[in-house]
Amino acid sequence: MGGDVLRWSEYRSMPWKNGGGMTREVASGAVQGPLAPAEPEDGFDWRVSVADVDAGGPFSSFPGIDRVITLVEGEGMVLTVDGTPHSVSPLSPFAFSGDATTDCRLEAGAVRDMNVMTRRGRATARVRIVAVPAARGTEMACAAGETLLVMALTEGIAVGGPDEQGRVLGRLDCVPYEGPGALTLQGDGTVAEIRITAAR
């Protein structure tokens with residue numbers, strides 16, 4: 009089943025859990041079965057959001073959550089996770105635990121990052137950066153029970169299902185899709201492929 013295009017201009021803005029900045033929620037949901045008990049602000053099995061980081065400082069704590077962060081704007085940052093520094097480059101997904109004490113240092117000014125969070129024991133996520141070549145389309149298959157989200161990281165991408173005309177995506181627009189089935193990407197640019205599956 010293909011979802012409507014989720015537009016950047018319509019994402020809901022909200023403060024970070026620790027109050028240190030703002031994020032925009034792209035989508036969130038639950039895997040099959042009852043939602044695991046959680047604090048009200050963390051009531052999801054999976055969540056995708058985009059955050060603006062204007063200054064260095066601590067990240068919010070999310071116990072029981074696994075995170076994948078991908079820089080979509082800016083030159084880079086260093087995340088110190090439980091005392092170990094990690095250089096995070098643009099368009100290079102970095103996975104870490106939401107339980108960890110995490111601090112951010114910016115390398116060259118403000119950045120914008122895409123965050124994928126999954127509740128440990130309930131869901132898992134895989135994030136991949138995919139180049140869509142102008143000369144041919146790219147097909148992304150989606151298995152039964154899997155949620156696929158495709159976020160445009162550049163202009164010039166159109167996404168369609170097997171029996172529908174391609175929908176043009178603006179930068180940071182997103183299309184969610186639930187399998188089984190496939191999405192076809194046309195254009196010339198780059199997308200983030202986010203796959204959410206139930207934990208085993």
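Residue numbers (the numbering used here): 9 to 208.
All C-beta atoms, glycine included, are put in the ideal place defined by N, C-alpha and C.
Using only the alpha-carbon positions, how far apart do residue i and residue j sit?
i: V89; j: S97; result: 16 Å
i: R127; j: D74; result: 6 Å
i: A46; j: G129; result: Because the pLDDT at A46 is just 41, under 50, the model does not fix this residue reliably, and the value given afterwards should be weighed accordingly. C-alpha separation (whole angstroms): 13 Å.
i: R179; j: V80; result: 10 Å
i: E163; j: S17; result: 15 Å
i: E26; j: S105; result: Just to set this straight, residue 26 is Asn in the shown sequence, not Glu. Those two C-alpha atoms are separated by around 16 Å.
i: T31; j: Y19; result: 9 Å
Are residue i and residue j touching if we call contact CB-CB under 9 Å?
i: A38; j: A118; result: no
i: I137; j: P93; result: no
i: Y185; j: T146; result: no
i: M125; j: V58; result: no
i: L14; j: C150; result: no
i: D107; j: P141; result: no
i: M159; j: L191; result: no
i: A133; j: R203; result: yes
i: T198; j: L99; result: yes
Tell me which residue opens and which closes the beta strand (DSSP E) that residue i is part of.
i: N123; result: 119-127
i: W54; result: 54-61
i: F102; result: 102-105
i: A108; result: A108 -> no beta strand (DSSP E), and no H or E assigned at all.
i: A166; result: 165-168
Sorted by chain position, which residues of the same chain lie with C-beta nearer than 7 Å to residue i's C-beta, five sequence neighbours on each side aside?
i: C112; result: V61, G64, G65, F67, M85, L87
Keeping to the same chain, check which residues put their C-beta closer than 6 Å to that of residue i; ignore five residues upstream and five downstream.
i: A103; result: V76
When DSSP builds the beta bridges, which residues end up paired with residue i?
i: V34; result: V34 pairs with nothing; no bridge assigned.
i: V76; result: A103, V124
i: S21; result: R32
i: S95; result: V86
For residue i, collect the residues of the same chain with a Cβ closer than 8 Å to its Cβ; drop the 5 residues on either side in sequence, then sort them by chain order.
i: A166; result: G174, R175, V176, L177, L193, Q194, G195
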